[in-house]
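Report on one structure; see the data block that follows.
2 protein chains.
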Amino acid sequence: MFKETKTHEVTTDVVIFTIKDGKLKVLLVKRAHEPFKGKWAIPGGFIRISETIDAAALRILKEKTNVQNIYLEQLYTFGDPLRHPTARVITCAYFALIRSDDIVLSFEDNSEITEVQWHPVYDLPPLAFDHKEIIEYSLKRVRERLEFCPIAFQLLPEKFTLTELQKSYELILDKKLDKRNFRKKFLALSILKELDECTKSGSKRPARLYSFNEITLNSKRGHFFS
Amino acid sequence: MFKETKTHEVTTDVVIFTIKDGKLKVLLVKRAHEPFKGKWAIPGGFIRISETIDAAALRILKEKTNVQNIYLEQLYTFGDPLRHPTARVITCAYFALIRSDDIVLSFEDNSEITEVQWHPVYDLPPLAFDHKEIIEYSLKRVRERLEFCPIAFQLLPEKFTLTELQKSYELILDKKLDKRNFRKKFLALSILKELDECTKSGSKRPARLYSFNEITLNSKRGHFFS
DNA sequence: AATATACTTGTAAAAAATACACTATTTAAT
DNA sequence: ATTAAATAGTGTATTTTTTACAAGTATATT
């Protein structure tokens, strides 16, 4: 199919999750050019020759969201020769979790992209390349991580209620959890700091606010220790 | 450090584990050329332009061990620009578990390699590139897998005793396990088939032989279901 | 004051993990 | 034939973890 002399191109694609409007969403960009012109895709780009892969993924993330210092983990490297219709492109995929609040989506005008937007992960448009598979696999990985490591806090604001925390778990795992058991388990982990504040009662009974203690995330297959 | 026009090279390296002489070992090759001439390294090679990454890893594995149909899982992609002293080489690392018995190590004469040998994983020689890190990370991953998935059977012969199975766990986890609890847990999993045979008493009391029921391994982050 | 809504809390049962010591079968030596 | 040495095999009690499950509390609205 390809001449053996042709070289590989190496990219990184970043699946960026957030919670917004009570839904779990991923960031997608609309492609300006062929292949897959007009189709939605995960943000990505070429890895520069003197840049680590992590740095490339961070750069992509920052270009689109202007966010730094977030949880970013290498997911898997996808390299089927047929994944790109006209070239051999190996992509090292990452996933990230961010709070969507204080984020302004952006893209350079002269770019490969005509739009940037959050899409509900359980209701995605048709995607370019193998990006559907990459997102599904990301979701699987995030769920695995959640079992061992409270990475969901990356999706929450600094101060949050236990109900919000539980909701983020439910969105990711896509199932209901028992409220009392959830709270019991989390409080036992002693990674939560109970604050002296409550929600300013948007309505109804105010809820206690919590924040996370500093925890150490090891981003290369992040397990955590408090 | 590199001109941005220079292209990446993409390789795959495979950490191959086995149990031999009562020790957990990895397969290393001695490099014939610079860089790291004469140093031991994990077997690896370039990914061909129309080959999947999995296929490339299998090819490397087969070249050195002539083994096929074994557990092979993508580990991580290492891409520090400084990991190779003179080029930008991104490597997609895999690990594999094989039985060393019926294996004849081999390498082509006109090759990059002057020797192929098993080395105890807890007593490694100095290694080329970042291969020490890659092996350490493999070991971490194998241990993680072992918690959920009895991949250790890949290291055992067709028929084995429970003591041999336990020993393989102890070698990988590098700690002693309780004999009764180990047996209880494994028998409860009902993935073992008790055979009507016993060891032909090399000495002492003969031990019951078992084999594994067919289990499905999902090699892309293999979990298993019996 | 009554009502609606979301917040908070505890206990009992089941399941899983752990700790722990003796008997059984064989070979080799006397 | 008896004994010693080596490895195989087995069960129970305790602790820990997970699960299931329902009623009272604080605030805002009417």
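Chains as they are written, first to last, in this note's numbering: chain A, 6 to 231; chain B, 6 to 231.
C-beta: ideal position from N, C-alpha, C; glycine also.
Within 10 angstroms of the Cβ of residue i, are there 16 or more other Cβ atoms? Answer buried if so, exposed if not.
i              : result
S143 (chain B) : buried
V94 (chain A)  : buried
L194 (chain B) : exposed
C97 (chain B)  : buried
G207 (chain A) : exposed
P130 (chain A) : exposed
P86 (chain B)  : buried
T12 (chain A)  : exposed
G84 (chain A)  : buried
T91 (chain B)  : exposed
Y127 (chain A) : exposed
V109 (chain A) : exposed
L102 (chain B) : buried
S231 (chain B) : Bear in mind that a pLDDT of 27 at S231 (chain B), under 50, signals an unreliable position, so the number given afterwards is only what the model happens to contain. Under this definition S231 (chain B) is an exposed residue.
E199 (chain B) : exposed
E56 (chain B)  : buried
L80 (chain A)  : buried
E78 (chain B)  : buried
L192 (chain B) : exposed
R185 (chain B) : exposed
If you follow the beta strand (DSSP E) that residue i is part of, which residue opens it and which one closes it?
i              : result
F134 (chain B) : F134 (chain B) -> no beta strand (DSSP E), and no H or E assigned at all.
E202 (chain B) : 197 to 203
F217 (chain B) : 213 to 217
Please list, in chain order, all residues of the same chain as residue i whose beta carbon is under 7 Å from its beta carbon, the five residues on each side excluded.
i              : result
R210 (chain A) : none
S173 (chain A) : I24, A157, L160, L161
Name the one or two DSSP bridge partners that residue i has.
i              : result
D18 (chain B)  : B:G49, B:A98
E152 (chain A) : DSSP output for E152 (chain A) lists no bridge partner at all.
P125 (chain B) : B:K30
Y142 (chain A) : Y142 (chain A) pairs with nothing; no bridge assigned.
L77 (chain B)  : B:A101
K25 (chain B)  : B:K28
F83 (chain B)  : B:T96
E120 (chain B) : B:K35
Provide the residue span of the alpha helix (DSSP H) that contains residue i, from first to last.
i              : result
S173 (chain B) : 167 to 178
N115 (chain B) : Element bounds for N115 (chain B): n/a, residue is neither H nor E.
I64 (chain A)  : Position check: residue 64 (chain A) holds Arg in this sequence, whereas Ile was assumed. Element bounds for R64 (chain A): 58 to 70.
A193 (chain B) : 184 to 194
For residue i, I'd like the list of residues in its chain whose CB is within less than 8 Å of its CB, leaving aside the five on either flank, ordered along the chain.
i              : result
I140 (chain A) : V20, V31, I47, V126, L129, L132
Considering only residues of the same chain and omitting the five flanking positions on each side of residue i, which have a CB-CB separation below 6 Å?
i              : result
D107 (chain A) : none
S105 (chain A) : T23, K25
When you compare the region 149 to 162 of chain B with the region 55 to 72 of chain B, are there three or more beta-carbon pairs, one atom per stretch, that lie closer than 8 Å?
Three or more beta-carbon pairs separated by less than 8 Å are not found between the region 149 to 162 of chain B and the region 55 to 72 of chain B, which leaves the two stretches without contact.
Whether or not the region 64 to 75 of chain A and the region 129 to 136 of chain A are in contact is what I'm after, with contact meaning three or more pairs of Cβ atoms, one per stretch, closer than 8 Å; do they touch?
The way I'd put it, the region 129 to 136 of chain A doesn't touch the region 64 to 75 of chain A; fewer than three beta-carbon pairs between them come closer than 8 Å.
Pairs of beta-carbons, one from the region 16 to 35 of chain B and one from the region 113 to 132 of chain B, closer than 8 Å: are there three or more?
The region 16 to 35 of chain B and the region 113 to 132 of chain B touch, with no fewer than 3 CB-CB distances between them shorter than 8 Å.
With a threshold of 8 Å, are at least 3 pairs of Cβ atoms found where one atom belongs to the region 156 to 168 of chain A and the other to the region 212 to 219 of chain A?
Flag = yes, the region 156 to 168 of chain A and the region 212 to 219 of chain A touch.
Would the region 14 to 28 of chain A and the region 44 to 52 of chain A be scored as touching if the rule is three or more Cβ pairs under 8 Å?
Under the 8 Å Cβ criterion, the region 14 to 28 of chain A counts as touching the region 44 to 52 of chain A, having at least three qualifying pairs.
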